[in-house]
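J.:
Chains as they are written, first to last, in the numbering used here: chain A, 47 to 437; chain B, 460 to 804.
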């Protein structure tokens, strides 16, 4: 049999504790950005929340590295090493490689994830399962292994970049995953959250697959009496929110001060069917270094967070509302009409609501909670279309 | 809305010492104290935590805590008045076993940061270890299972750094968790305190203010491990460590505010003297300096008003807590003190 080419070699990642040791990183690649890898895995695992309902599948791109994996209850992949002190365990098993391509087709992953992850887990865990806490401290860097999944052609790289709403129902998971497989920009897909609320609370990912199709979507506010928008139409008309590298790690609080260039904007083609919704509401957890950018084709950001202050990009018009005034469309329109320019740096703390506008999109921002130096919890409501008087 | 201040609690404890269960029991227990004091989690945290507590009530147990610290902020209220936001991060017990520096575990590093800013450190020691007398010296097994060495090292490190920076030391609460496992008629509290002295001598050293609290989430399953029996959850004493931590927090803050008030009073006197000595000649420089000094006086006046209000409030809130702490074993510099003696502490 021919040796697998370098493109088919991946390094395993195993996160899970042992019988006796409360240490969790069993196999961890030294090649990928350690902070990005750790943050992505911890976000997906979410301390085990919801894994009793089913696994979560991860496809993430961070800088030069691509990660594929699954967070699950360990019982799903191991018949013997899944419990410690009478408590069920959970884990993450995955594969990481350098590059911006590769990964299984979603259909293959869904069919075979137990076998693939189980083999990696057993190999990593068996030698240390009964080790003492001292013996189990060492983390194995892992050796490259051939990908367990069959090669399948990804959608052509020239296809429109995936720009879904933040929460995606199960019927769209396969398309979402396969488009992400073809994409090149940084970001993460995590499929398998039980509810939109659970996904929202660990919103370190751009695209979140929600198992309960009846749970309220994070994309809100359909016009009264109109049917729900089809996913494809809604995604093109709505905004692309991107938590840039470092800013995507909301749970861990990690994130540097470096701000990579925002990704290419989403297509601005108008949808063929129903008009866009009148507003879109999102709740986000921003880590230090995060930017909220808009895929309008113009440069600029709605909100930048450096761990202590928030501000907007210099092309954005922004202002604060009077204390106690909620960020409604009317209030923001009136305030922005006389705004002098960009939102100047101000403390990242709950206070007056903010209004920002850029490239035909207006947003009201409410800071709900701030963990100093770490995570900023904000609610953002977007309204399409804004012109300042005189423009 | 009345302004709240903020306190930080750092928790140290070996794996399976009950850190997570205690936090859930505290939240559940504080809503049942009877209205005098209450504790509420923020936003969805409250829903999540009550759900997890209900799972225990229904005959389950908490999930293991992994390497992602769980950060929460609770609001402590007296009656209907919210007073203090309490920052509390739940770490896995294994964070004590790993390094926190370069190349170490990131949650261990975060634990060190929490210790550096903590107003109170909770040390969780499972009652399983105190069912029988330990003897004159704690054995290696007890030291290992309780992580007493690691905990002592971290407390010593924290206190040393605070002392060097002329910052107040954190209060220490030693929680005997799963206290329902101990037959307290057979084992006197005093005997257990003496065992704690030999296990963690740093908690009874010079400059320390320490409480020993017995806490229980209920008999659960009678062994200290494994799922609870349905209906066995019954929090007991869980509120006492928190009330102690807040009483100490208010005391420390009031002391620091008094120090600041004394310093600002001195500065006021200084400014007063300088104003009186301003030369009547050279009118323009005199007027400018006069203006600057008046502005500084006004600013100091505003700050003093704020500091005085906060100091008075902290003292009042501390007085309101002390009656609830009468039965708690408390120590200053290792010597027992009654809660009333702590009034002017």
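Beta carbons: idealized from backbone N, C-alpha and C, even for Gly.
I need the straight-line Cα distance from residue 217 of chain A to residue 661 of chain B, nearest angstrom please.
T.: 59 Å
J.: Taking three-plus beta-carbon pairs below 8 Å as touching, is the region 772–788 of chain B in contact with the region 692–711 of chain B?
T.: Counting Cβ pairs under 8 Å, three or more are found: they touch.
J.: Please list, in chain order, all residues of the same chain as residue 426 of chain A whose beta carbon is under 6 Å from its beta carbon, the five residues on each side excluded.
T.: 328, 409, 411
J.: Who are the Cβ neighbours of residue 490 of chain B in its own chain at under 7 Å, not counting the five residues just before and after it?
T.: Contacts found: 497.
J.: What residues in its chain sit with their C-beta under 8 Å from that of residue 648 of chain B, if we drop five residues either side in the sequence?
T.: Exclusion of the five residues before and after residue 648 of chain B leaves 671, 673, 788 as the residues of its chain whose Cβ lies within less than 8 Å of its Cβ.
J.: What are the boundary residues of the alpha helix (DSSP H) that residue 363 of chain A is part of?
T.: Looking at the DSSP string, residue 363 of chain A is not in any alpha helix (DSSP H); the run it does join, the beta strand (DSSP E), is 363–366.
J.: Runs of 4 residues minimum, wholly inside the region 713–779 of chain B: which ones carry the alpha helix (DSSP H) assignment?
T.: As far as the region 713–779 of chain B is concerned, it has no whole alpha helix (DSSP H) run of at least 4 residues.
J.: Taking C-alpha atoms, which residue in B:791, B:772, B:605, B:529 lies nearest to residue 540 of chain B?
T.: B:772
J.: Please go through the same chain and pick out, in chain order, the residues whose beta-carbon is closer than 6 Å to the beta-carbon of residue 415 of chain A, but skip the five residues on each side of it.
T.: 423
J.: Could you give the first and the last residue of the continuous beta strand (DSSP E) run that contains residue 499 of chain B?
T.: 496–500
J.: Measure from the C-beta of residue 556 of chain B to each C-beta in chain D and report whether the shortest distance is under 9 Å.
T.: No chain D is part of this structure, whose protein chains are labelled A and B.
J.: With a threshold of 8 Å, are at least 3 pairs of Cβ atoms found where one atom belongs to the region 741–760 of chain B and the other to the region 618–636 of chain B?
T.: no
J.: Using a 10 Å radius around the Cβ and a threshold of 16 neighbouring Cβ atoms, would you call residue 126 of chain A buried or exposed?
T.: exposed
J.: State the beta-bridge partners of residue 534 of chain B as determined by DSSP.
T.: B:499, B:544
J.: Which residue's Cα is closest to the Cα of residue 413 of chain A: A:183, A:388, A:394?
T.: Of the candidates A:183, A:388, A:394, A:394 places its Cα closest to the Cα of residue 413 of chain A.
J.: According to the neighbour-count rule (16 or more other Cβ atoms, all chains shown, within 10 Å of its Cβ), is residue 199 of chain A buried or exposed?
T.: So residue 199 of chain A counts as exposed.
J.: List the residues of chain A that residue 474 of chain B touches, going by C-beta distances under 7 Å, in chain order.
T.: 68
J.: Sorry if obvious, but does the Cβ on residue 159 of chain A come closer than 8 Å to a heavy atom of the ligand NAP?
T.: Ligands are entirely absent from the displayed structure, and the ligand NAP is therefore not among its contents.
J.: Taking 9 Å as the threshold (beta carbon to beta carbon), is residue 91 of chain A in contact with chain B?
T.: yes
J.: Would you tell me roughly how many angstroms separate the C-alpha atoms of residue 239 of chain A and residue 138 of chain A, rounded to the nearest one?
T.: 15 Å
J.: By the criterion of Cβ-Cβ separation under 9 Å, what are the contact partners of residue 72 of chain A in chain B?
T.: What residue 72 of chain A touches in chain B: nothing, since even the nearest Cβ is about 11 Å away.
J.: Can you grab the Cα-Cα spacing for the pair residue 585 of chain B / residue 197 of chain A, in whole Å?
T.: Distance between the alpha carbons of residue 585 of chain B and residue 197 of chain A: 52 Å.
J.: Determine the closest residue to residue 808 of chain B out of B:482, B:521, B:581, with distance taken between C-alpha atoms.
T.: Because chain B in this structure spans residues 460 to 804, residue 808 of chain B falls outside the shown range and cannot be described.
J.: Taking the straight line between their C-alpha atoms, what separation do you get for residue 180 of chain A and residue 67 of chain A?
T.: 8 Å
J.: Using 8 Å for Cβ pairs, my map puts residue 55 of chain A next to residue 194 of chain A. What's the rounded Cβ distance?
T.: Taking the Cβ atoms as the reference, residue 55 of chain A lies roughly 12 Å from residue 194 of chain A, outside the contact range of under 8 Å.
J.: Where do the ends of the alpha helix (DSSP H) carrying residue 84 of chain A lie?
T.: 80–91
J.: Can you pull the DSSP bridge partners for residue 425 of chain A?
T.: A:329, A:412
J.: CB-CB under 6 Å to residue 466 of chain B, same chain, minus the five flanking residues each way: which ones, in chain order?
T.: Around residue 466 of chain B: 543, 545, 578, 708.
J.: So who's on the other strand from residue 225 of chain A, going by DSSP bridges?
T.: BP columns for residue 225 of chain A are empty, so no partner.
J.: From residue 538 of chain B to residue 367 of chain A, what distance separates their C-alpha atoms?
T.: 33 Å
J.: For the beta strand (DSSP E) that contains residue 465 of chain B, what are its first and last residues?
T.: 464–472
J.: Could you spell out the range, first to last residue, of the beta strand (DSSP E) harbouring residue 669 of chain B?
T.: 668–673
J.: At 4 residues or longer, what runs of the alpha helix (DSSP H) sit wholly inside the region 626–694 of chain B?
T.: 648–658
J.: With a CB to CB cut of under 6 Å and the five nearest residues on each side skipped, what residues in its chain are close to residue 621 of chain B?
T.: 628, listed in sequence order.
J.: Hey, is residue 144 of chain A's beta-carbon within less than 9 Å of any beta-carbon in chain B?
T.: no
J.: Does DSSP put residue 347 of chain A in a helix, in a strand, or in coil?
T.: Note: residue 347 of chain A maps to strand in three-state DSSP.
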